[in-house]
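Chains as they are written, first to last, in this note's numbering: chain A, 1 to 317; chain B, 1001 to 1317.
Built from N, CA and C at the ideal position, the CB exists for glycine as well.
There are 2 protein chains.
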Amino acid sequence: MDSIVVVGSVALDSVKTLWGESQEALGGSAVYFSLAARHFARVSVVGVIGKDFPKEHRHMLAEKGIDLAGLKELPGKTFRWVGRFGRDLSDAKTLATHLNVFAKFRPKLSPAQRRSKVAFLANIDPDLQASVLDQMQAPDLIACDTMNYWIHSKPEALRRILGRVHIFFVNEEEAKVLSRQPTALAAARVISHWGPKVIVVKKGEHGALMKVGERFYSFPAYPVESVKDPTGAGDTFAGGFMGYLTSTRDYDDISNLKRAVLYGTTLASFNVEDFSTRRLENLARAALEARFGEFVDSLQVPGGAARPRPLLTEARR
Amino acid sequence: MDSIVVVGSVALDSVKTLWGESQEALGGSAVYFSLAARHFARVSVVGVIGKDFPKEHRHMLAEKGIDLAGLKELPGKTFRWVGRFGRDLSDAKTLATHLNVFAKFRPKLSPAQRRSKVAFLANIDPDLQASVLDQMQAPDLIACDTMNYWIHSKPEALRRILGRVHIFFVNEEEAKVLSRQPTALAAARVISHWGPKVIVVKKGEHGALMKVGERFYSFPAYPVESVKDPTGAGDTFAGGFMGYLTSTRDYDDISNLKRAVLYGTTLASFNVEDFSTRRLENLARAALEARFGEFVDSLQVPGGAARPRPLLTEARR
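This is the structure we're talking about:
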């Protein structure tokens, strides 16, 4: 199994949505990413926690096969995020961010992590993202994410990182701000000039737009009837995408890239069905494959399809 | 070629967007629908115009093979709509609506139209939609659209029509209002209990959600880089959908229904590229098929795909 190094946050989240709330529950970009990617690849976390990080979270992640040797414990408290979602689930309101030990985070890779061939740089300070890449010996697949905060506060460092990654994951709104373009397509076109050969614009419930070379691929999200908590959906998407793509060992095959998008949105569709990481923790590979298969099938347009029983031509009047 | 009766507005639209404007240009739901459906089926319009309706529009439509025998000219002026689109292209601001002769519109079908097997009832008064159905002898495929105005002012008449149609086209926001549900999925589920076996929720730039029986199919819109004028996109979508589906003569085949969605969004993608009906007027079948083929292909995930040239694995650091 190939191995992915992921650097990002490990957090305790307090989230309120119209359908309930969670208090100091497991969260963080590196956690969501790992819980999604673990179905396809070995994942090795680079992150930091405080003395108060519950032991059961560590045990759960280790039990799922996630390598925590690079998860450093520092004196102090774990990173905390407090947020709220209203009716518009694409709009997270941050009520409080307590960096705590995350403020002192300086990623340091183990010898094994340095030799890893795949890296995902979740949305942290682009200078820290760069320091991770500097420590790696010869990665052949590098992806990153970012957020508005870094777009505004460290635009040059972000541009430098974009020149070093193969795949860039970015929210639609952030892509527009970063590129100063009015549409996701135009944004992806501009950003691709800065380096990444593959741009994945995440559109939440509306799916994703992927630019590969000069071509665009638009995919819907898996339709979810009841969303409880969208926290972590973007990192879960990236985890499913990167985990699957890594497992194929052929990152240039467009079918692999399409399947990566569809695994990403399928995993995200599970994640939003419950608070925190609950649904991801309990997700069996068989349930994942069943939904993925149903979703892929729903998009296929075979030349000569079999005919189901008459549905529209019954007499109605 | 099978024939579709479409009842709806024939209008002169004045539209302003961030990319330009048009003055008293050809528009109306029946017109957009016809110009899209004509590629696949014979279309016969039931509508009304005033004495001031430009002769060249009549000639253009007739030249495209659209049957205008049911387009009645009344004393007075043609229906006019004045609207504006801001940056959010899903949000049309109506500045003025002049019903003019449309206020006196009482659809009357010709003997040939009464014998037609397919009907599209564009978004007009649901009582008028019903009067069209009452005049038809034995249609085997009936579809309708509606709008917020009728949802609020004639809810009972609208519910009666929904009990008589096979396919219901509806905007996402209108579906939510009509069903009092928070999501497109839940809305489609509720509305399908009122009659239509197929619900197509139109999501503009985000594509469409189709409910067929108990299953959901979500499709993206064809990615358009520069939208000039979204006026008529919904009716163009319905025209492509209904035209294609009619041509297959098998309305129960799920592959046909999927292709209908994809022809609909492909035709809409052309329509929004220019003001009024300009792009639809000049659209050749070959250009339509080329874009449709490219779009369908972009969604397919073949088991064993051919490998394009290496794209991601070039050395980058």
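- DSSP lists B:Gly-1083 as the bridge partner or partners of Thr-1094 (chain B).
- Look at the region 169-185 of chain A: the residues with a C-beta under 9 Å from a C-beta of chain B are Pro-182, Thr-183, Ala-184 and Leu-185.
- Among the residues facing chain B, Ser-218 (chain A) is included, as its CB has a counterpart in that chain under 8 Å away.
- With contacts defined as CB atoms closer than 8 Å, Asn-148 (chain A) and Val-118 (chain A) fail to qualify as a contacting pair.
- Per DSSP, Ala-1260 (chain B) is one residue of the alpha helix (DSSP H) stretching across 1254-1271.
- Beta-carbon to beta-carbon, Ser-22 (chain A) and Phe-275 (chain A) are separated by about 4 Å, close enough to satisfy the 8 Å threshold.
- Cβ neighbours of Phe-1169 (chain B) within its own chain (closer than 8 Å, five residues either side excluded): Ala-1143, Cys-1144, Asp-1145, Val-1200, Lys-1202, Gly-1234, Phe-1237, Ala-1238 and Phe-1241.
- Cβ contact annotation for Val-1010 (chain B) (same chain, cutoff 6 Å, sequence separation greater than five): Gly-1028, Ala-1030, Val-1031, Gly-1047 and Ile-1049, in chain order.
- Pro-1220 (chain B) sits away from Phe-120 (chain A), with the two beta carbons spaced by 8 Å or more.
- Bounds of the beta strand (DSSP E) holding Ser-14 (chain A) are 11-17.
- Considered as a whole, the region 198-252 of chain A harbours 233-248 as its complete alpha helix (DSSP H) runs of no fewer than 4 residues, in chain order.
- Using a Cβ-Cβ cut-off of 7 Å, His-1206 (chain B) is close to His-206 of chain A, given in chain order.
- In terms of beta-carbon proximity, Arg-42 (chain A) stays away from the interface with chain B, with every pair separated by 8 Å or more.
- Close CB contacts of Pro-75 (chain A) within its chain, under the 7 Å cut and outside five residues either way in sequence, are with Lys-51 (chain order).
- Contact of Pro-230 (chain A) with chain B is not assigned, every C-beta pair being separated by 8 Å or more.
- Taking 8 Å as the cut-off, the Cβ atoms of Ile-1161 (chain B) and Gln-1129 (chain B) count as close.
- Relative to Ala-36 (chain A), the option among A:Arg-84, A:Pro-126 and A:Leu-262 whose CA is nearest is A:Leu-262.
- Residues of chain B with a Cβ closer than 7 Å to the Cβ of Val-118 (chain A) do not exist, since the nearest Cβ in that chain sits about 11 Å away.
- Using a 10 angstroms sphere on the CB of Gln-113 (chain A), the tally of other CB atoms reaches 16 or more, which defines it as buried.
- Note: Ser-1044 (chain B) is bridge-paired with B:Val-1005 and B:Asp-1067 in the DSSP secondary-structure output.
- Judged by their CB atoms, Glu-205 (chain A) and Ser-90 (chain A) are nearer to each other than the 8 Å cut-off.
- Looking at A:Gln-137, A:His-39, A:Gly-20 and A:Val-5, the one whose alpha-carbon comes closest to that of Thr-266 (chain A) is A:His-39.
- Taking 8 Å as the cut-off, the Cβ atoms of Ala-1268 (chain B) and Tyr-1244 (chain B) do not count as close.
- For Pro-1111 (chain B), there are no neighbours in chain A by C-beta distance under 9 Å, as the nearest C-beta there is about 19 Å away.
- A direct Cα-Cα distance of roughly 5 Å separates Pro-196 (chain A) from Ile-167 (chain A).
- In the displayed model, Asn-1171 (chain B) falls within a strand according to three-state DSSP.
- Per DSSP, the beta bridge partners of Val-118 (chain A) are A:Ile-4 and A:Leu-141.
- Nearest to Gly-293 (chain A) by C-alpha distance, out of B:Leu-1288, B:Val-1301 and B:Ser-1153, is B:Val-1301.
- At least 8 Å separates the CB of Glu-1056 (chain B) from every CB of chain A.
- When the alpha-carbon of Arg-1278 (chain B) is set against those of B:Lys-1072, B:Thr-1094 and B:His-1057, the nearest one is in B:His-1057.
- Close partners of Lys-1258 (chain B) in chain A (Cβ separation under 7 Å): Val-301.
- Within chain B, the residues whose beta carbon sits less than 7 Å from that of Leu-209 (chain A) are Pro-1223, listed in sequence order.
- Following the DSSP letters along the chain, one finds Gly-20 (chain A) inside the beta strand (DSSP E) bounded by residues 20-27.
- When rounded, the separation of the alpha-carbon atoms in Thr-183 (chain A) and Ser-192 (chain A) is 14 Å.
- Residue state for Lys-1154 (chain B) is assigned as coil, using DSSP reduced to three classes.
- Taking C-beta separations shorter than 6 Å and ignoring five residues to either side along the sequence, the partners of Ala-187 (chain A) in its chain run Ala-175, Lys-176, Ser-179 and Gln-181, following chain order.
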